[in-house]
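Residue numbers (my numbering): 4 to 1002.
Positions of the beta carbon are idealized from the N, C-alpha and C atoms, including for glycine.
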Amino acid sequence: MKTVLPDRQQSLLQWVSQATGINTFGVKVRLRGNDLHILCEGTECPQRWRTLSDLLQALQQTDVDILTSNEQPSIYQVFVYGRRKGEQHPKWCHRVYLNQIDKHLEQVKQGLLADSEKSKQSGGALIVSNESLARQGNPEAIARYLSETLSMLGVSVQAKIKLYKPKNSQAEENRLWIFCQSSYSPDASLLAEPIARKLRDLKLSGYQDAVIVSQVSGETAPDWLLRVDLTPPEVMLKEWARWGDVQAIARLLTQVLSELKVAIQADLKESTLHIFCTPAFDPLGIAPIPDKVVCLEAILPQLEAIAPQGILAATVYGQKAGDKQPTWIDWLALPATKHPAFATSPLDLANTGDEPAIVFLLERLLNPDLDWRLLTGGIRILLLVKNDLLHIMCDAPVCPGREQVAKKITQFIRQLKIPGIMGIRVYGRRAGNKEPFWHYGLDLEHRQRLVPEATPEFAATSEYVNDLVTSETNEPILRPDLTTEEVQSFVTEVARGWIATASATTKKFLLNSQLFTESHQSAEANPDIQGLKIALVWGTLGLLLTLQTDWVLGRIIARTTPTNISPASSSGQKASLTSGKNQSDQTTLFTSTAKTKYPPNQSSVFNASEFTQSDNTPIKNLAAAPLKEKATSTAILLAARSQMPSFNVRQLDEQLALYKQRLARTGSPPDVLIIGSSRALRGVDPAALSKGLATQGYPNLDVFNFGINGATAQVVDFLIRHVLEPSELPKIIIWADGARAFNGGREDITFKSIAASAGYKQAFQKTPTIANSNDLPENTVNSGEKKTNEEKPEISTYEAVNQSLNQALASVSASYQNRDQIKSLLQKQLLIFGHNQTVASQKQLTDGTSDESISRQAVDFDGFLPLSIRFNPARYYQKHSRVPGNYDNDYKSFQIEGQQDAACQEVLQFAQSQKISLVFVNMPLTGDYLDPVRKQYEQEFQQYMLRLATNHNFIYRDFSQQWIKANDYFSDPSHLNRFGAYEVSKKLANDPMIPWPAK
């Protein structure tokens, strides 16, 4: 819900108070979407018509938009309430349309006159509804009409008309654009059907479609786009009636005969349409039977104009409802008897491959409820035949479910037996998108394809395109349709003679090196001279190779240096951004709303099997904050020196030690503190958040991440209220977590470990011993310098010569100064090529390592755990089992009420008492993780959070389904990597509703 800024709110309060004569203590204002709500209170309820009269006169002379924030959209209507102080519900309410103030004033004058005469007569001017004005096609009226519904959701609306030129048309046409803006990101499925219904109810003329654009306040890019088909219902009915749809024909005939008070029922048997004419309303059974001549004169022209496909004749009956025998019967010949093109039924046309007939039959199959289709536009079908494949796209205001449509379509197409079609590919998307949300494939016959085919224009990538799909190249293509025998024969043929060829090549290389000779070859006459020659040649080659290797390594390190940044304050870091996007793509109307973009050279997403590809797709560059120096050794040292007893959770001890060091160095708590479980530890980047806040006008903010693996609401409550002193807490806390941290039905292992520790007991005794700042070194570098200054061992002559030679070589070498970086780079490559084996020198683990081991080794000085691993379902589930929600221990006996809820309430009360703003972020999850069981628990948690959001100083932000398909932002199904953390931090920094502290 969007509210006005404090200074603007004061202006509105003073303006309303001056206009109505009510003290400012008796006036409250609130802005929601395009609506302004004004509540007038008093010891006695303010008089309705007198208050409205004063307020309307002020509205007539004042532009209220001047009194609101510049970011606030235009106000379309004002709701005025009156109540007595102390009462919960208003005694009266009046809606004022700002474009009809004159008519409202006339109504108010009549109301005042009626009050003075003590008359109950209402009278007054007629207020025209926004719907009536919107039907005329005025964009401002359409925006006001839609805002009546959307303003209650905190969504403001603006409407515009833009010209566009269709592909197959010379003349330009009007397109209606609806811009929806809100302080949060509403789900498209929440707004799609209501907007589509309301727009289609208007029955606008002159518009083929409308585009709905949803955008979050403060962001430049739209959140999502939606296309609404504005084809009038009458045109839709005639289109289906033309194909012989009985229900559509009956609707059209009923509209024609409704003036004659005749109801129509229709039934099709073979190629004859049976039409029954009965009285429209006859509860007593005394209404006359419809006149035969009148009915036939109305029905025949309609049927001839429609010319239904596949219907040769019509039999018309006249009778009363419930009668078994008709009173009169007549037979009519239809155009199909004279024109053979109309005589073939749609099903027979579809069997021959007629695309319009297939489209009609599929749309009729997927839209069984005709009323629903007329209200929303229904599910639209697009067909494309490429070679021996039939591609079928299904789109609707809300993306059709795969289970809902895919099997129906494949079963129907299988029955048709269309010649030349050997496979079906079905796609589903939201109207307005080019890329589908899902796809489904079925081969009707065994297919042998060796060359990739071009992708259909409307088709797009699958969910894991980077892992399962490649572009059109000359590389071999995976073919799951090949048999085992075919594969074995192919491998045998290619590998024939491979061993002999490899042996000959190796032998030739060894002989050319002069280090080996053939066993039967005689020895040289002067081996010493030959040896000197070989040594001279190889020595020269070795020196050249060393210089060239040094130069190459220097160039490589020079390129990678920007990503290896030494530790600095989080506000001073610069993100490594990806290359700029093509601006021309952003001007296209129906571009993909997916967050990940694929390289332009991937013009074809299908290989021979249409769904399989190799696993060598290049990794996309993603934006992320630079990596910082790891704080593992410092954290272990600080925790060991601390006089605070351990909490039996090593990570809590180390994070607390880092936090205490930060306090000792800066002398004050950080400006922003991030708390939560591992989802916070990995999911919010302090450097990215600080940089994003600097661009929003909050420079030099200090951010610290205090995430702890396994932290629940109880752990967070204990940390804030008992471990840290109030003076050590900031003025804003970001609590980043999810539903499983609030599950009161599972065993809280982390908190039980803490509760059994000596640190827990000392914390509750309120006698924590804070380590002396002298015992906490400012950094390990200074400590090292002190030790170096204190201990200077004697250096021998040999060591002195060795050091001078090293310094001389270092001045010439391009890579010597960066040898540590080269070492880490080589170890990283060995980890990749060694198939996730351990490198002993660094003890770094690959993505198959446990989260706990990674977190202990990789936390930086801001407490953040930056992981570069990208979640790859195709690989991840080869090493990890897929655990459904009903077997997940984190959701075991899921219930919100209980110990976790009580801890959360304690945190809320404590934050309010300390005047700390608390922002809870429901962290993103992948689509793989959100199965039906977890989705149900997430919905319960959402309702719980929305109830808590009514508390003062508490803000709730839901990112759980923000990037369910962007697997590159995750390190596993439920945890973000550093790229996802960067996006979350950027989104938080751009949130205008979060009260960030200003320095």
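With a cut-off of 8 Å on the beta carbons, I'd call residue i and residue j a contact; round off their distance for me.
{"i": "E222", "j": "N925", "result": "Rounded, the Cβ-Cβ distance is 19 Å, inconsistent with contact."}
{"i": "P869", "j": "L684", "result": "Between L684 and P869 the Cβ distance is about 10 Å, and since that is not below 8 Å, they are no contact."}
{"i": "I997", "j": "N956", "result": "So it is not a contact: roughly 11 Å between Cβ atoms."}
{"i": "L229", "j": "A191", "result": "6 Å"}
Quick one: what does DSSP say residue i is sitting in, helix, strand or coil?
{"i": "Q806", "result": "helix"}
{"i": "H277", "result": "strand"}
{"i": "R245", "result": "helix"}
{"i": "W999", "result": "coil"}
{"i": "L42", "result": "strand"}
{"i": "Q312", "result": "coil"}
{"i": "R482", "result": "With a pLDDT of 47 at R482, under the threshold of 50, the modelled position of this residue cannot be trusted; read the value that follows with caution. In this structure, R482 counts as coil in the three-state DSSP scheme."}
{"i": "K165", "result": "strand"}
{"i": "S680", "result": "coil"}
{"i": "R428", "result": "strand"}
{"i": "R668", "result": "helix"}
{"i": "Q717", "result": "helix"}
{"i": "W966", "result": "coil"}
{"i": "P142", "result": "helix"}
{"i": "C48", "result": "coil"}
{"i": "I384", "result": "strand"}
{"i": "P359", "result": "helix"}
{"i": "L303", "result": "helix"}
{"i": "S97", "result": "Looking at the sequence shown, residue 97 is not Ser but His. Strand."}
{"i": "S125", "result": "Legend: pLDDT at S125 = 46, less than 50; position of this residue unreliable, no value from coordinates given."}
Alpha carbon to alpha carbon, how far is residue j from residue i? Give it in angstroms, no decimals.
{"i": "V32", "j": "L15", "result": "7 Å"}
{"i": "N3", "j": "V219", "result": "The requested residue 3 does not occur in the structure, where the chain is confined to residues 4 to 1002."}
{"i": "S20", "j": "Q942", "result": "42 Å"}
{"i": "E475", "j": "L447", "result": "Unreliable positioning characterises E475 in this predicted model, as indicated by a pLDDT of 37, which lies under 50. The coordinate reading is nonetheless provided below. Going from the Cα of E475 to the Cα of L447 covers about 25 Å."}
{"i": "F284", "j": "I267", "result": "12 Å"}
{"i": "Q63", "j": "A137", "result": "23 Å"}
{"i": "V297", "j": "A344", "result": "30 Å"}
{"i": "F867", "j": "F874", "result": "19 Å"}
{"i": "K755", "j": "V719", "result": "13 Å"}
{"i": "R35", "j": "P49", "result": "24 Å"}
{"i": "P976", "j": "A766", "result": "36 Å"}
{"i": "S988", "j": "A628", "result": "10 Å"}
{"i": "M647", "j": "Q717", "result": "20 Å"}
{"i": "G24", "j": "R53", "result": "11 Å"}
{"i": "D105", "j": "N133", "result": "15 Å"}
{"i": "Q903", "j": "Y940", "result": "15 Å"}
{"i": "F660", "j": "L641", "result": "Per the sequence shown, residue 660 should be read as Ala rather than Phe. Each residue's Cα considered, the two are about 6 Å apart."}
{"i": "D553", "j": "L544", "result": "14 Å"}
{"i": "W999", "j": "W738", "result": "14 Å"}
{"i": "A409", "j": "F944", "result": "32 Å"}
Looking only at DSSP bridge pairs, what is residue i linked to?
{"i": "S649", "result": "Its beta-bridge partners do not exist; DSSP assigns none."}
{"i": "N925", "result": "D740 and D961"}
{"i": "A317", "result": "L276 and L335"}
{"i": "L2", "result": "Since the first residue of the chain shown is 4 and the last is 1002, residue 2 is not available in this structure."}
{"i": "F707", "result": "L676"}
Tell me the residue span of the alpha helix (DSSP H) that contains residue i.
{"i": "A224", "result": "Looking at the DSSP string, A224 is not in any alpha helix (DSSP H), and its letter there is neither H nor E."}
{"i": "W52", "result": "R51 to Q64"}
{"i": "M948", "result": "P935 to L951"}
{"i": "F913", "result": "Q902 to S916"}
{"i": "D374", "result": "L373 to T379"}
{"i": "Q414", "result": "R405 to L419"}
{"i": "F754", "result": "I752 to A758"}
{"i": "A697", "result": "P689 to T698"}
So is residue i in contact with chain C if we call contact Cβ pairs under 7 Å?
{"i": "Q902", "result": "The structure shown contains no chain C; it is built from a single protein chain."}
Any heavy atom of the ligand PLP inside 6 Å of the beta-carbon of residue i?
{"i": "L868", "result": "In the structure on display, the ligand PLP does not appear, and there are no ligands present to speak of."}
For the beta strand (DSSP E) containing residue i, list its first residue and its last residue.
{"i": "I198", "result": "Premise fails: I198 lies in the alpha helix (DSSP H), A191 to D204, not in any beta strand (DSSP E)."}
{"i": "N177", "result": "E176 to S185"}
{"i": "F975", "result": "It is Asp, not Phe, that sits at residue 975 in the sequence shown. Note, D975: beta strand (DSSP E), F973 to D975."}
{"i": "L445", "result": "W441 to D446"}
{"i": "F767", "result": "Looking at the DSSP string, F767 is not in any beta strand (DSSP E); the run it does join, the alpha helix (DSSP H), is A761 to F767."}
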